[in-house]
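Q:
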Amino acid sequence: MKPIRVLVIDDSAFMRRMISDIIGSDDRLELVGTARNGNDGIKKIKHLSPDVVTLDVEMPIMDGITTLQKIMEERPLPVVMVSSVTAAGTDKTIQAISNGAVDFITKPSGAISLDITRIKREIIRKVVTAAHAVLPKRESKTQHPIRAQQIEKPLRPHAKTVVAIGSSTGGPKALQQILTELSADFPAPILIVQHMPAGFTKSLATRLNALAGIHVREAVHGEIIQPETAYIARGNFHMKIRKAGTALAIELTQENELFGHRPAVDVLFESLALQDNVNKIAVVLTGMGHDGSQGIIQLKQRDKNTIVIAEAEESSIVYGMPKSAVKTNCVNYIRHLHKIGDTIAQFAESLRGK
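Counted from 1, the sequence shown has number 306 at position 306 by my numbering; the numbering is strictly sequential.
(1) Let me see if you follow: with CB-CB separation under 8 angstroms, is Thr229 close to chain B or not?
(2) From the DSSP output, read off the bridge partner residues of Ile4.
(3) Suppose you measure from the CA of Arg121 to the CA of Arg234; what does that come to, to the nearest Å?
(4) Should Gly171 be labelled buried (16 or more other beta-carbon atoms within 10 Å of its own) or exposed?
(5) For Arg262, is the classification buried or exposed, using 16 other Cβ atoms within 10 angstroms of its Cβ as the cut-off for buried?
(6) Should the region 336-344 be regarded as contacting the region 171-184, the criterion being three or more beta carbon pairs within less than 8 angstroms?
(7) Just to confirm the assignment, what range does the beta strand (DSSP E) spanning Phe378 have?
(8) To the nearest angstrom, how far is it from the Cα of Thr206 to the Cα of Arg217?
(9) In chain order, what residues of the same chain have a beta carbon less than 7 angstroms from the beta carbon of Ile94, not counting five sequence neighbours either side?
(10) Since Ile307 is in the beta strand (DSSP E), which residue starts that stretch and which ends it?
(11) So, with DSSP's three-state summary, where would you put Val318?
(12) Taking the C-alpha atoms as reference points, what is the distance between Tyr319 and Met18?
(13) Cα-Cα, which of Asp56, Gln275 and Glu255 is closest to Ala244?
(14) If you count every other CB in all the chains shown that lies within 10 Å of the CB of His221, and 16 or more means buried, which is it?
(15) Excluding the 5 residues preceding and the 5 following Ala35 in the sequence, name in chain order all residues of the same chain whose CB lies nearer than 6 angstroms to its CB.
(16) Quick one: residues in its chain with C-beta nearer than 6 angstroms to the C-beta of Asn279, no 5 flanking neighbours on either side, listed in chain order?
(17) Tell me, please, which residues DSSP counts as bridged to Glu251.
(18) What residue range is occupied by the uninterrupted alpha helix (DSSP H) comprising Leu208?
(19) Do Gln328 and Ser271 have their C-beta atoms within less than 8 angstroms of each other?
(20) Compare the Cα-Cα distances from Gln254 to each of Leu248, Arg16 and His238 and report the closest residue.
(21) Assuming Thr54 contacts Val82 (C-beta within less than 8 angstroms), just tell me the rounded distance between them.
(22) One question on the structure: do Val52 and Glu30 come within less than 8 angstroms of each other, judged by their Cβ atoms?
(23) Could you check if Gly287 is buried or exposed, using at least 16 other CB atoms within 10 Å of its CB as the buried criterion?
(24) Smallest Cα separation from Asn277: which of Glu228, Leu299 and Val267?
(25) If you drop the 5 nearest sequence neighbours on each side, which residues of the same chain put their C-beta closer than 7 angstroms to that of Pro197?
(26) Check whether the Cβ atoms of Leu68 and Asn99 sit closer than 8 angstroms, and answer yes or no.
(27) Are Ile281 and Phe347 closer than 8 angstroms when you measure CB to CB?
Listed below in structure tokens is the structure:
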């Protein structure tokens, strides 16, 4: 198997050296070149034809956001952003992910990171994953029959409906697609687990809130969930749902990571499964791994009327989590990303006021 060809674009000579050494330490990867700014990087992409680019967010001459836009316009390929955990860095990173970057890596100690080797495994894993990512493409004209199993309409729908969504690699852009398609009076609360470190989920929520008709916010421990609102799990915290009198509230915990994730989709889904007298809609979007699969099994075991939707392979940046979900035989609908928002809206509306 040919090694994955990687180009490193960073204005810091130290960071170029550190990332290059990490790339060179893994037999699956091959460093084909480095660039000191966006202009230099665009030229070297054309000359070197890398499989994956690591791209610093904040650079002089041509910053990472502008460079990413040019890459996606001129020669689309998987890009992994490299960001510092600062207010400006997180906002720009979320913008980059929404504009087509596959994933991002955070520098442990700001812009110049002497301890970047601490995240060596993460860099290698994300570059390898990016190499196998599928960049967005047009929707196939061939529509899925959406599994042979068709959902059974609940005989007695409940007064409350909750939508729970899980996503990972490629998730921010998918979430933007879905949430911006929902009407401002969407009749149910939406709980979202996006695999993302602390410091980035607030920026994600702020960006989505500015774009969507519904309210989007980073979840707060103990708050009562409301319709017309999407709550994004805070980075480094699991998010659960629990009863609070006759209402439902958010619980944030720092229990052990699950499959290397905190927040984890399974934790959210499993807590939703425990709630009685609630209509449940669970959605599994693009991402690596199998987080969410155990949760939808529990949802179905406790309530066969739970509606489970998985993103189709055609639109998934990484078809790991949706594929794993489909293999459970608990998925009712497989939908291209462009259809998921409408599907959620139709079910939520059909259950409104029941």
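All residues carry an ideal CB built from backbone N, CA and C; glycine is no exception.
Source: prediction; values computed, not measured.
A: So, to answer that:
(1) Any reference to chain B falls outside this structure, which holds one protein chain only.
(2) Leu29
(3) 23 angstroms
(4) Gly171 is buried by the Cβ-count criterion.
(5) Label assigned to Arg262: buried.
(6) Counting Cβ pairs under 8 angstroms, three or more are found: they touch.
(7) In the structure as shown, the chain begins at 1 and stops at 354. Residue 378 is therefore absent and cannot be evaluated.
(8) Approximately 7 angstroms between the Cα atoms of the pair.
(9) Pro172, Phe200, Ser203, Leu204 and Arg207
(10) Element bounds for Ile307: Ile307 to Glu311.
(11) In the structure shown, Val318 sits in coil (DSSP, three-state: anything other than H, G, I, E or B).
(12) Roughly 30 angstroms separates the two Cα atoms.
(13) Gln275
(14) Label assigned to His221: exposed.
(15) For Ala35, where only same-chain residues beyond five positions count, the Cβ hits under 6 angstroms are Ile9, Gly41 and Lys44.
(16) Pro157, His158, Thr161 and Leu351
(17) Paired residues: Lys240.
(18) Thr201 to Leu211 is the span of the alpha helix (DSSP H), which, as asked, contains Leu208.
(19) The sequence given here has Thr at residue 328, not Gln. Result no, Cβ atoms of Thr328 and Ser271 do not sit closer than 8 angstroms.
(20) His238
(21) 6 angstroms
(22) no
(23) buried
(24) Leu299
(25) Thr106, Gly235 and Asn236
(26) yes
(27) Yes, the Cβ-Cβ distance between Ile281 and Phe347 is below 8 angstroms.
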